[in-house]
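A.B. asks:
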Amino acid sequence: MLALHDLIWPIFDKQSTAMTFKNTSPRSFLIFNFSFLILLLASCKFRQKADMIIHHATIYTVDEKFSVAQAMVVRDGKIVATGTNEAILKEYESDVMEDAKGKTVFPGFIDAHAHFVGYGFSLQRVNLVATESWDAVLNRCTEFAKGLPAGQWLTGRGWDQNDWVVKEFPANDKLNELFPDRPVLITRIDGHAAIANNKALEIASVKPGDKLEGGEIEVKNGKLTGILVDNAVDLVSAKIPAANEAQTKEALLLAQKNCFATGLTSVHDCGLDHGDVEKIQKLQQSGDLKMRMYVMLSDAKKNFEWAFTNGKIKTDRLTVSGFKVYADGALGSRGACLLQPYSDKPDWTGFLLSSQAHFDSVANIIYQKGWQMCTHAIGDSGNRAILTIYAKYLKGRNDLRWRIEHAQVVNKDDFKIFGANNIIPSVQPTHGTSDMYWAGDRLGSERVKGAYAYQQLLKENNWIPLGTDFPVEDISTFKTFFAAVVRQDAKGFPAGGYQMENALTREQTIRGMTIWGAKAAFEEKQKGSLEKGKFADFIILDTDLMNCKETDILKTKVLATYVNGERVYKQ
Ligand SMILES: [Zn+2]
-1 MLALHDLIWP IFDKQSTAMT FKNTSPRSFL IFNFSFLILL LASCKFRQKA
49 DMIIHHATIY TVDEKFSVAQ AMVVRDGKIV ATGTNEAILK EYESDVMEDA
99 KGKTVFPGFI DAHAHFVGYG FSLQRVNLVA TESWDAVLNR CTEFAKGLPA
149 GQWLTGRGWD QNDWVVKEFP ANDKLNELFP DRPVLITRID GHAAIANNKA
199 LEIASVKPGD KLEGGEIEVK NGKLTGILVD NAVDLVSAKI PAANEAQTKE
249 ALLLAQKNCF ATGLTSVHDC GLDHGDVEKI QKLQQSGDLK MRMYVMLSDA
299 KKNFEWAFTN GKIKTDRLTV SGFKVYADGA LGSRGACLLQ PYSDKPDWTG
349 FLLSSQAHFD SVANIIYQKG WQMCTHAIGD SGNRAILTIY AKYLKGRNDL
399 RWRIEHAQVV NKDDFKIFGA NNIIPSVQPT HGTSDMYWAG DRLGSERVKG
449 AYAYQQLLKE NNWIPLGTDF PVEDISTFKT FFAAVVRQDA KGFPAGGYQM
499 ENALTREQTI RGMTIWGAKA AFEEKQKGSL EKGKFADFII LDTDLMNCKE
549 TDILKTKVLA TYVNGERVYK Q
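Below, the structure written as structure tokens:
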């Protein structure tokens, strides 16, 4: 090892020969010597201590320039520096040296539209996704009910009659036969329709001929079929007893586990009651729930009162500053509100879930109080209704980041309203690839061009947050990435991709899953990129999503997930 004077003298000698000391006083010589020593000591100082150094990685920092680093330093849950291996290892040291062996690091993914709490509870219910027939649904229910105490509600979600040979809504006769004493409510995949058995309808006092705004109770030959659409579902679901504390904790921790395994370190939960927020706070304070969450409160009087009494919440792991409003239903169940009738159901345009006056008054109060408004809008009429009301309050350029969730079918004349008023479309790429098989039937060949139009929407504000809407779609972040970039299903259908003019680039998609997700929650200064001062939320992947073959995207594995510098998942 070189001693300090070995380092100083050769340089000093070189310096001194280059300078003339003829007129140099001893004092100025000393000053020169001393300042030079300081300079050298600064460069020879001890390396700074860090909690962790990750090195020999391909780190996509997702900063402004989308720059790539090799090493990153973490201290106290935050990122201290990123840079080359050489620069970082020279400057820092740590007892925890993570050699990534060339693997890829991204900021932790942010799901900008999910139902985290609902997903957690869904894991405690019968999963009916990918059932091939009504009989298959009944079989899964029967199996699941074996583990339930007598009389306890059987609930589940995920059936989709569009996947069946008989594409009509089922009726509840067989459900009544199988479960005469157990109330049953099983929801369609989009959550906008459900079927209940007679026991459940009886508990909810639903009768043939009952009418309600924004919902439909199906009746055939004077009898209830059990099919409930939109607000009618709530009549029955409101009767399901609330989960107790232990069940809630189990649900949220199950959801968290699956999120970490797919590289999510933050989620936006789109529509919770204040009671759920209190449960989340408690679990975060106890240290059980490490997931960072942005919560939109549901459009209900009790939530508005609670919010405006207690004010916004902003902690390291929880932000509550928005409201979730529903304009219309979903396209699959023809609840989405369209400007012109459905192409496969003439004389039917779907409907808005509340009156225009309601949306207007909600927008007014949210605007007055300075909160964020986030509205579910699927149909072109649903989108236009909300865009018009948003524009009335936002009045042009602004930074309030009011969001339209899904922005799924937008009339060609309405795209510009997004940009003109900085309205943020919050979209879920897997909706496009799930719906592509029948979206054209519902909308016709012309209108469908304005559907799932992510690139066109992105251009309006130059940023767009991405999400999944889990449990409506699979939680997988790699399915989102694949759907956004390749726009095919897992089998490679359709060849060449679906409406590829609206595909996103890989860089846009990564930004949508990280920094733009953070921005959609006003959190871009704290997270969403791997830059100095931000939370050390990051993931290590076995695949370089920026350069891999398209066919490798869905095979990607998360090797490790870190939240606040703490490893919360390891493969
Ligand atoms: Zn949703």
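Position 198, counted from 1, in the sequence shown is what the numbering used here calls 196; the numbers after and before it change by one each time, with no gaps.
Beta carbons are placed, not taken as given, at the ideal position from N, Cα and C, and that holds for glycine.
All figures in this text were calculated on a predicted structure; none of them were measured in a lab.
(1) Rounded to whole angstroms, how far is the Cβ of residue 375 from the Cβ of residue 326, which I believe are closer than 8 Å?
(2) Go ahead and pull the three-state DSSP assignment for residue 510.
(3) Does the distance between the C-beta of residue 470 and the nearest non-hydrogen atom of ligand 2 fall short of 7 Å?
(4) Determine whether the beta carbon atoms of residue 333 and residue 348 lie at a separation below 8 Å.
(5) Are the beta-carbon atoms of residue 212 and residue 316 separated by less than 8 Å?
(6) Would you mind reading off the limits of the alpha helix (DSSP H) that contains residue 429?
(7) Is residue 113 near ligand 1, going by C-beta to nearest heavy atom under 7 Å?
(8) Since residue 478 is in the alpha helix (DSSP H), which residue starts that stretch and which ends it?
(9) Span of the beta strand (DSSP E) holding residue 186?
(10) How many angstroms separate the CA atom of residue 575 from the CA atom of residue 69?
(11) Suppose the cutoff is 7 Å on Cβ atoms and the five residues either side in sequence are ignored; what does the same chain contact list for residue 471 look like?
(12) So if DSSP puts residue 105 in a beta bridge, which residue, or which two residues, is it bridged to?
(13) Is it the case that the stretch 120 to 128 contacts the stretch 138 to 157, given that we only count it when at least three CB pairs across the two stretches are under 8 Å?
(14) Excluding the 5 residues preceding and the 5 following residue 499 in the sequence, name in chain order all residues of the same chain whose CB lies nearer than 7 Å to its CB.
(15) 8 Å is my cut-off, CB to CB: does residue 345 come that close to chain D?
(16) Could you check the C-alpha separation between residue 402 and residue 421 for me, to the nearest Å?
(17) How far does the alpha helix (DSSP H) with residue 230 in it reach, from first residue to last?
(18) Less than 7 Å between C-beta atoms, sequence neighbours within five positions excluded: which residues of the same chain meet that for residue 119?
(19) What residue range is occupied by the uninterrupted alpha helix (DSSP H) comprising residue 142?
(20) Could you compute how far the alpha carbon of residue 414 sits from the alpha carbon of residue 378?
(21) Cα-Cα, which of 90, 82, 78 and 86 is closest to residue 46?
(22) For residue 541, which residues in the same chain have their Cβ closer than 8 Å to its Cβ, ignoring the five residues on either side in sequence?
(23) Which stretch, first to last residue, makes up the beta strand (DSSP E) that contains residue 565?
(24) If you pair each beta-carbon of the stretch 461 to 476 with each one of the stretch 243 to 260, do three or more pairs fall below 8 Å?
(25) Classify residue 113 as helix, strand or coil using the three-state DSSP reduction.
(26) Taking the DSSP output, what are the residues bridged to residue 97?
(27) Output yes or no for whether 8 Å exceeds the beta carbon distance between residue 267 and residue 115.
(28) Please report the straight-line C-alpha distance between residue 62 and residue 74, rounded to a whole angstrom.
(29) Could you give the distance in angstroms between the alpha-carbon of residue 562 and the alpha-carbon of residue 535?
(30) Alpha carbons only, please: which of 99, 141 and 164 is nearest the one belonging to residue 130?
(31) Would you call residue 191 buried or exposed, if buried means 16 or more other Cβ atoms sit within 10 Å of its Cβ?
(32) Given this structure, state the Cα-to-Cα distance separating residue 518 from residue 346, to the nearest angstrom.
(33) Provide the residue span of the beta strand (DSSP E) that contains residue 450, from first to last.
(34) Beta strand (DSSP E) containing residue 547: first to last residue?
(35) How many whole angstroms separate the CB atoms of residue 201 and residue 247, which I take to be in contact at a CB cut-off of 8 Å?
(36) Using the Cβ count rule (16 or more neighbours within 10 Å means buried), how would you classify residue 146?
C.D. replies: In brief:
(1) To locate residue 375, count along the sequence shown from 1; it is residue 377. To locate residue 326, count along the sequence shown from 1; it is residue 328. Their Cβ separation, rounded to whole angstroms, is 6 Å, which keeps residue 375 and residue 326 in contact under 8 Å.
(2) In the sequence shown, residue 510 corresponds to position 512, counting from 1. It is helical.
(3) Among the ligands modelled here, namely ligand 1, ligand 2 does not occur.
(4) For the purposes of this step, residue 333 is taken as the residue at position 335 of the sequence shown. For the purposes of this step, residue 348 is taken as the residue at position 350 of the sequence shown. In contact: residue 333 and residue 348 (Cβ atoms closer than 8 Å).
(5) Residue numbering aside, residue 212 sits at position 214 when the sequence shown is read from its first letter. Residue numbering aside, residue 316 sits at position 318 when the sequence shown is read from its first letter. No, Cβ-Cβ distance for residue 212 and residue 316 is not below 8 Å.
(6) Along the sequence shown, one-based indexing puts residue 429 at 431. Start and end: 427 to 433.
(7) Here residue 113 corresponds to residue number 115 of the sequence shown, with the count starting at 1. Yes, ligand 1 has a heavy atom inside 7 Å of this Cβ.
(8) Walking along the sequence shown from the start, residue 478 turns up at place 480. Note, residue 478: alpha helix (DSSP H), 475 to 483.
(9) Translated into the one-based positions of the sequence shown, residue 186 becomes position 188. Here the beta strand (DSSP E) through residue 186 covers 182 to 186.
(10) Any property of residue 575 remains undetermined from this structure, which presents the chain solely from -1 to 569.
(11) As a position in the sequence shown, residue 471 is number 473, starting the count at 1. Excluding positions up to five away in sequence, the list reads 426, 428, 429 and 432.
(12) In the sequence shown, residue 105 corresponds to position 107, counting from 1. Beta-bridge pairing links residue 105 to 536.
(13) yes
(14) The sequence position of residue 499 within the sequence shown is 501, counting from 1. So the qualifying residues of the chain are 453.
(15) No chain D is part of this structure, which consists of one protein chain only.
(16) Taking the sequence shown and counting its residues from 1, the one referred to as residue 402 is at position 404. Taking the sequence shown and counting its residues from 1, the one referred to as residue 421 is at position 423. Looking at the two C-alpha atoms, the distance is approximately 7 Å.
(17) Indexing the sequence shown from 1 puts residue 230 at position 232. Residues 229 to 235.
(18) Start at 1 with the first residue of the sequence shown, and residue 119 comes out as number 121. Excluding sequence neighbours, residue 119 sits near 241 and 249.
(19) In the sequence shown, the residue the question calls residue 142 occupies position 144. Taken as a continuous stretch (DSSP letters only), the alpha helix (DSSP H) holding residue 142 covers 132 to 143.
(20) Looking up residue 414 in the sequence shown gives position 416. Looking up residue 378 in the sequence shown gives position 380. Cα-Cα distance, rounded: 14 Å.
(21) As a first step, residue 46 must be located in the sequence shown, where it is residue number 48. When only C-alpha atoms are compared, the closest one is 90.
(22) For the purposes of this step, residue 541 is taken as residue 543 along the sequence shown, with counting starting at 1. Closer than 8 Å at Cβ, skipping near neighbours: 102, 550, 551, 553, 554 and 555.
(23) As a working note, residue 565 is residue 567 in the sequence shown. Note, residue 565: beta strand (DSSP E), 564 to 568.
(24) yes
(25) As a first step, residue 113 is located in the sequence shown; it is residue number 115 there, counting from the start. Three-state DSSP puts residue 113 in coil, outside helix and strand.
(26) As a first step, residue 97 is located in the sequence shown; it is residue number 99 there, counting from the start. Answer by DSSP bridge pairing, in chain order: 53.
(27) Locating residue 267 in the sequence shown gives position 269, where the first residue counts as 1. Locating residue 115 in the sequence shown gives position 117, where the first residue counts as 1. Yes. Within cutoff.
(28) Locating residue 62 in the sequence shown gives position 64, counting from the first residue. Locating residue 74 in the sequence shown gives position 76, counting from the first residue. Cα-Cα distance, rounded: 24 Å.
(29) Within the sequence shown, residue 562 is the residue found at index 564, counting from 1. Within the sequence shown, residue 535 is the residue found at index 537, counting from 1. Residue 562 and residue 535: Cα-Cα distance of roughly 5 Å.
(30) As a working note, residue 130 is residue 132 in the sequence shown. Cα-wise, what sits closest to residue 130 is 164.
(31) If you number the sequence shown from 1, residue 191 lands on position 193. Residue 191 is buried by the Cβ-count criterion.
(32) Taking the sequence shown and counting its residues from 1, one reaches residue 518 at position 520. Taking the sequence shown and counting its residues from 1, one reaches residue 346 at position 348. The straight-line gap from Cα to Cα measures roughly 34 Å.
(33) Here the question's residue 450 lines up with position 452 in the sequence shown. Neither: residue 450 is in no beta strand (DSSP E) and is coded neither H nor E.
(34) As a position in the sequence shown, residue 547 is number 549, starting the count at 1. Taken as a continuous stretch (DSSP letters only), residue 547 belongs to no beta strand (DSSP E), as it is neither H nor E.
(35) Here residue 201 refers to the residue found at position 203 when the sequence shown is read from its first residue. Here residue 247 refers to the residue found at position 249 when the sequence shown is read from its first residue. Actually they do not touch by this definition, with Cβ atoms about 27 Å apart.
(36) On the sequence shown, position 148 is the one that residue 146 refers to. So residue 146 ends up on the exposed side.
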